[in-house]
Each structure stands twice: as C-alpha cells, then as structure tokens.
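Enquirer:
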Amino acid sequence: MRGFNRSHRALSALVVFFMAILLLVPVASAANVSSTLPYALQPTKNILVNPDIYQITSNSYNVTVTVNQTSIAAGGHAMVTAKVTWAANGTPATGVPVEFTCSPATGTFDPAASTTSSVAIVGRMNKGEAKADFTSNAPGSYTITAQAYKTFLSPGNPGNVKDDSGTQSLVVSAAPVTQTPTPTPTPTPDQGTPTPPPVVVTPGTDASILADYGIYIAIGAVLLLILAAVALFLWLKSSLQVVPKKTKVPADGSSKVPVRVQFVNGLGMVKTMSRDTDVEFETTAGTIKNTVIPQGKDHVDADLLSSKEFGPVTLTTRAGGKMAVTKLDFTVEQGSLDITVQPGTIPADGASSAAVTVMIMDGKGNVVAPLEDKTITLNSTLGTIAPALQMPARTQSASTNITAGEVSGTAVIVATLGNMHGEGKVIFKGMPKRFCMHCGTPMSLEASQCPKCGRTPPSGTDVKQCSACSTVIPEAARFCHHCGARQPDKQ
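Set out below in structure tokens:
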C-alpha cells in the first residue's frame, strides 16, 4: 500500500476519536448517576423536579412502608423500606424523591438530611424501592412515614409538592443500650466554595434510565478501549514478507525466480520505509544479490538465479532486524539417467568386472546434481550387479561394478530414479579354451599344466581320433583336448 502515511494519519485520528468518547462517556455517566443518589450524598441539597416536563397531578404514586422488625431495643436498628409504584398501573416508579420522618421526632435515619429525616431517590436498579436505617435511643411507640414528592427542594421547604405517603408503626423498648451509634455528620459546605447549580431530576425520564445503565456504558467503554489498543498494536506490529512470483523453476543454471521483499503490519497492510533498509539473502542453491529497500518505497524486487542442482531450496531473507524463510523448488524437466560402462567388453570368465557410472541429465542434455541424497535402482540381464546405488547430495555421478558370469553375450543394465530411467550395455565375450587330456578339466590355452591334476599334456607320435568330434589327439589321451569328451578305454 503506497498510501501508508495517509492511512496512518486516518487511523490515528480514529484512535483519538475513540479515546475522546471513552473520556466523555464516564463524565456524562457520572453526572447522570449523581442524580439518583440519596439526598445526603448529592452535591447539593436542592433536588428540583421541572414542572414543565413533569405535569403535576394528584396521587401519581402509591407508597407502601415496611420495616424488617416492628420492635427493637433502644439503640437498635431497623431497616425501613418505601416501595413506590405508579398509581395508574402499579409498576415500580423511578427517580422519585422520598423523605423519611418519624413521630415522635427523636429517631434518626441514615442516610440523613437532618437529625430527624432522610431523603432517598427511588432507583431503577432496586426495583422502585427507597431504604433508610432507623435508630432511636428513646423508648416509645413510633410512627414512621415515607413521603413521596412530585417536587422536592429541601427538607421543610414550602415549595415542596407532596404526593402519596405511607406509614408504619415501630416500638422501641427500654432495654439497655449496648452500643452508642455514631451520629452521621451533617455535610457542611466549605466556606468560600460556590454552591453548584440545582440538579434537575425528572421522574421516569430517560436520564434516570441512562444513569441506571451506567455499568453497561462503562463496560462498553472498556471494550472499545481494548479494541482500540488491539488495532493500534496490529498497526504498529511489522513483519518481513518475501513473495516469490513462482515457486518452481528448472535446474538449468539460467532460469530466474523474481522475489518481492516488503514489510507488512498486523493488519496485512504494506508499510512504506522511512529510511533505506538493507536486505540480505542466503540461499541453499542458486545465487541472489543483496539489495536495499529505498526510503519512501514499500518494496524491492530481486532475482534468484537457479543452479544445475535440483531439489528443495530454502531462501532466507534478513532486513530491519526481521527474518523471513521462503521455500522453493529447482526441478528437472524431461530428465533421464545416463549409464556408462568401462570397459565395454570383458571375458565371460565369472571373475572379470567393469565399472558402471550413472549420471542424471536434464532435457537439454546438461548434467545436474541432486540437492539431497538419492538412491538409484539397478538390474542387469547378465552378470552380477548391486541392486541399488547411492548418489550423495551435490554430486554429479555415482559408480559401481558389474561382474561377468560364464555365459557370453550382451548384458543390458537398467537404472531407475523416480520417473527417470536409463540403460547401459557391456559385452561378456566367450574365451577360447582346451581340456586336460588326463582328467578333462577345462584350462586356458596358455596353461602349461592342468590346474587340477597338475600334469602336462601327453606326448608321443602315436595318435588317434576323438570318438566324439574326430579331432586328432595323442594315443595316450583319456579326454579330447578340443571338446573334453572322455575317450573309450583300450580293449
């Protein structure tokens, strides 16, 4: 990709945009959530319902008050729950200010707006319920009231607009107080600190619903942050990539493999170089020259020249502290095996041998060498030869021997390597011979005595004809020296 810099700027702007959202969402969520806190925890004591948004009608809510226990000892605690529902359909109401009071006014509530009252906002996540903790050290019978408001400005403010209320009785006995509860301090604004403007709360509006789902907004923000971090990591991550135009070429010493060298990020996008980058090559066969990716370019091309060696080739590339390994293949097209036998003729005496040399040829008649050890299968129509021949890697030939038998003729040697074949020939020539006239053992013409009995041919002037081939032989001969036939004994 040649527009790497432009894409980089675009992605950077996108990341900044996401981060801005992540910063603004928590701030907005915090502002909304604060409106649903109990009165004593609000940044201001003024809770205002906008009458233009919320039309005031009589008894919009129904309030039911319950306590977890109706009798406590002095100094004990009782949890007061005010359940607020819509009068129209009985469903839980949200965002409703509720004030707790007791009569006589000697009890306290927590959270508390004063020593005798507590204000809580009915929230969505607690199913339309407001809660306060009641405590009193004075024995007696108490009536606890939960007052719902359409508009609530501050405790005792004449501008407060009441709605429905509920009551519950509770008895405080004169049992000894086992502990003195710590009074809840009344928040005092710092001197000289300006009072924040009133917070407008509209019961049942989308603002309170948004506040109730603040946790989900926060989770979404975290997920967006994770996605942005992953995208940034993939953008900055880079790896060296070497792309050959083809992966197979003839092992003829002249064919070329064009390769492209480039850097890509984790998103698969090609990177433009900010400076000249040296590229070094190392190959197990063939030759290739080192090169440089120029500044401002996103790739460089180079050529791998094949050698007269066939088999798998590994090209290792290093650049910018990165490394890439590429697999290729130098092949033999229309290959064959060439077999040479020296000498071409040997005696068929069962002992003589000839050297057999096998070479691998390509379709153009060039000798090529394997890049890996090869095993060549051999067989012959005459004589004896090893069934397999090992050709070591990077060698152009391999040799073995063939041994003649006692049968004369032309021996055809066949070699096989994969789908390549070859033939060679050697002549086993029958040698002239004679037989010992004493024991009939074959012996060479040049031998002066029999190799078995050690006797020399019989002498004398008396002769006779062989009973088998009519050859003239000495009278004392027991075997014909020409055909080896045994002669009849004299009568």
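In UniProt numbering, the protein residues as written are 1 to 491.
Beta carbons: idealized from backbone N, C-alpha and C, even for Gly.
(1) Short check: CB of Met420 to CB of Gly365, under 7 Å?
(2) For Thr85, which of Pro97, Gly128 and Gln69 has the nearest alpha-carbon?
(3) For a minimum of 3 consecutive residues, which ranges assigned as the beta strand (DSSP E) are wholly contained in the region 272-337?
(4) Quick check on His481: buried or exposed, where buried means 16 or more other Cβ atoms within 10 Å of its Cβ?
(5) Mind the definition here: the region 403-413 touches the region 451-466 only if three or more C-beta pairs lie below 8 Å; say whether that holds.
(6) Keeping to the same chain, check which residues put their C-beta closer than 7 Å to that of Asn160; ignore five residues upstream and five downstream.
(7) What span of residues does the beta strand (DSSP E) with Ser140 cover, start to end?
(8) Should Ile72 be counted as a contact of the ligand HEM given a C-beta to heavy atom distance under 6 Å?
(9) Note down, in chain order, each residue of its chain lying with its Cβ closer than 8 Å to the Cβ of Ser307, except the 5 sequence neighbours on either side.
(10) Measuring CA to CA, which of Gln69, Met359, Ala477 and Ala88 is closest to Gly422?
(11) Go ahead and label Ala477 buried or exposed: buried means 16 or more other beta carbons lie within 10 angstroms of its beta carbon, across all protein chains shown.
(12) Would Thr143 and Ser173 be called neighbours here (beta carbons separated by less than 7 Å)?
(13) Exposed or buried, what is Tyr216 when buried is set at 16 or more other beta-carbons lying within 10 Å of its beta-carbon?
(14) Please look up how many angstroms separate the CB atoms of Ala74 and Asn137, rounded, as I've assumed it's under 8 Å.
(15) For a quick check, are the C-beta atoms of Val257 and Leu304 less than 7 Å apart?
(16) Spatial neighbours of Gly320 within its chain, please: C-beta separation below 6 Å, excluding the five flanking residues on both sides.
(17) For the region 409-446, list the beta strand (DSSP E) runs that are entirely contained and at least 3 residues long, ordered along the chain.
(18) Quick check on the burial criterion: 16 or more other C-beta atoms within 10 angstroms. Buried or exposed for Ala113?
(19) For Cys469, count neighbouring C-beta atoms within 10 Å of its own C-beta (all shown protein chains included) and say buried if the count is 16 or more, exposed if not.
(20) Grab the span of the beta strand (DSSP E) containing Asp110 for me, first residue to last.
(21) May I ask you to report which of helix, strand or coil DSSP gives Leu378?
(22) Apply the 10 Å Cβ neighbour rule to Ile293 and answer buried if 16 or more other Cβ atoms are within range, or exposed otherwise.
(23) Comparing alpha-carbon positions, which option in Val356, Cys466 and Asp338 lies nearest Ile346?
(24) Using the C-alpha atoms, what's the distance from Leu417 back to Ala348?
(25) Where does the unbroken beta strand (DSSP E) through Gln449 begin, and where does it stop?
(26) With burial defined as no fewer than 16 other Cβ atoms inside 10 Å of the residue's Cβ, what is the status of Gln55: buried or exposed?
(27) Let's see if you can read the secondary structure: which residues bound the beta strand (DSSP E) around Ser255?
(28) Please state whether DSSP places residue 510 in a helix, a strand or coil.
(29) For the beta strand (DSSP E) containing His77, name the first residue and the last one.
(30) Do the CB positions of Phe134 and Ala82 come within less than 7 Å of each other?
(31) Assign Ser385 to one of two classes, buried (16 or more other C-beta atoms within 10 Å of its C-beta) or exposed (fewer than that).
(32) Does DSSP classify Leu223 as helix, strand or coil?
(33) Reducing DSSP to helix, strand and coil, say where Val230 ends up.
(34) Compute the Euclidean distance between the alpha carbons of Glu99 and Gln147, then round it to the nearest angstrom.
Expert: Let me spell this out:
(1) no
(2) Gly128
(3) 277-283, 291-293, 299-305, 309-319 and 322-331
(4) buried
(5) no
(6) Tyr149, Thr151, Phe152 and Leu153
(7) First, the amino acid is wrong: residue 140 is Gly here, not Ser. Its beta strand (DSSP E) spans residues Gly140 to Thr151.
(8) Inclusion of the ligand HEM in the displayed structure is not the case, the ligand content being empty and no account of it being possible.
(9) Ala251, Gly253, Ala285, Gly286, Thr287 and Phe330
(10) Met359
(11) buried
(12) no
(13) exposed
(14) 5 Å
(15) yes
(16) Thr277
(17) 409-417 and 420-429
(18) Residue placement at Ala113 cannot be trusted, given a pLDDT of 42 that sits under 50; what the coordinates show is reported in the next sentence. With 16 or more Cβ atoms within 10 Å of its Cβ, Ala113 is classed as buried.
(19) exposed
(20) Thr108 to Asp110
(21) strand
(22) buried
(23) Val356
(24) 29 Å
(25) That residue, Gln449, is in no beta strand (DSSP E); it is neither H nor E in DSSP.
(26) With a pLDDT of 38 at Gln55, under the threshold of 50, the modelled position of that residue is not reliable, and no figure is offered here.
(27) Ser255 -> no beta strand (DSSP E), and no H or E assigned at all.
(28) Residue 510 is absent from the model: the chain starts at 1 and stops at 491.
(29) His77 to Trp86
(30) no
(31) In the sequence as presented, Ser is not what sits at residue 385; that position holds Ile. The residue in question, Ile385, is buried, as its Cβ has 16 or more Cβ neighbours within 10 Å.
(32) helix
(33) helix
(34) 5 Å
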